[in-house]
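Residue numbers (this note's numbering), protein chains in the order written: chain X, 1 to 115; chain B, 116 to 227.
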């Protein structure tokens, strides 16, 4: 199993550009989520999904869109990038909802810089 | 509101010495607490969790954590540190069935 994969590893955007961060998992996990990691702030939840066709907002959803058309994929879209979105983005998955019972598996991250 | 705090940005320890990484929490109801580790240029990895039961929880790589309800703490410990333990450690608390809140992280540096 490849686990949780994320592409690209690095990305530089100009303000106003759009892009999609890709996330895929091959473990047939129902639950997937996106976090951003910023110095001194830990990880903050952006959006999550408890199954195909179901998504919901986390702590910091503004400026980001998600969709979940398949169990495997959970892309994160930035419609109009802003410098405040410069961060490291992590995708995670777990077998099902219930964070207290299901270990989350994290991808290697995407480092995004918005100029 | 649920929250978690890691009061130390960095912890330095000599190899072979015991280590402690501190975490305190604030929750309404029963706490569900977690420790994750992040090695350089990698995603987070689960170490251990406390749901209920024994206050001393054992996890991966020889780590353990002590739940203390009266002090609202969940400190991560290891009896003998290794250089390879050097990493960023995150404490987390369950907000609801779908959400965790992570602390700001503590960088552990183990010196040979």
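Cβ coordinates follow ideal geometry from the N, Cα and C atoms, glycine included.
It should be emphasised that the depicted structure is a prediction, and the values quoted were computed from it without experimental measurement.
Residues sharing a beta bridge with residue i, DSSP
{"i": "residue 20/X", "result": "77/X"}
{"i": "residue 173/B", "result": "179/B"}
{"i": "residue 29/X", "result": "Its beta-bridge partners do not exist; DSSP assigns none."}
{"i": "residue 56/X", "result": "48/X"}
{"i": "residue 104/X", "result": "Answer is none; residue 104/X lacks a bridge partner."}
{"i": "residue 139/B", "result": "120/B and 188/B"}
{"i": "residue 152/B", "result": "160/B and 204/B"}
Three-state secondary structure (DSSP) of residue i
{"i": "residue 185/B", "result": "coil"}
{"i": "residue 49/X", "result": "strand"}
{"i": "residue 87/X", "result": "strand"}
{"i": "residue 99/X", "result": "coil"}
{"i": "residue 199/B", "result": "helix"}
{"i": "residue 216/B", "result": "strand"}
Whole-number beta carbon distance between residue j and residue i, since they are thought to touch under 8 Å
{"i": "residue 230/B", "j": "residue 118/B", "result": "What is shown of chain B runs 116 to 227, which leaves residue 230/B out entirely."}
{"i": "residue 77/X", "j": "residue 20/X", "result": "5 Å"}
{"i": "residue 185/X", "j": "residue 68/X", "result": "Lying outside 1 to 115, the shown extent of chain X, residue 185/X is not represented and no answer is given."}
{"i": "residue 56/X", "j": "residue 47/X", "result": "7 Å"}
Check whether residue i and residue j have beta carbons under 7 Å apart
{"i": "residue 186/B", "j": "residue 127/B", "result": "no"}
{"i": "residue 202/B", "j": "residue 147/B", "result": "no"}
{"i": "residue 219/B", "j": "residue 42/X", "result": "yes"}
{"i": "residue 11/X", "j": "residue 112/X", "result": "yes"}
{"i": "residue 45/X", "j": "residue 114/X", "result": "no"}
{"i": "residue 6/X", "j": "residue 110/X", "result": "yes"}
{"i": "residue 158/B", "j": "residue 58/X", "result": "no"}
C-alpha distance - residue i paired with residue j, whole-angstrom precision
{"i": "residue 163/B", "j": "residue 192/B", "result": "11 Å"}
{"i": "residue 125/B", "j": "residue 3/X", "result": "30 Å"}
{"i": "residue 176/B", "j": "residue 17/X", "result": "43 Å"}
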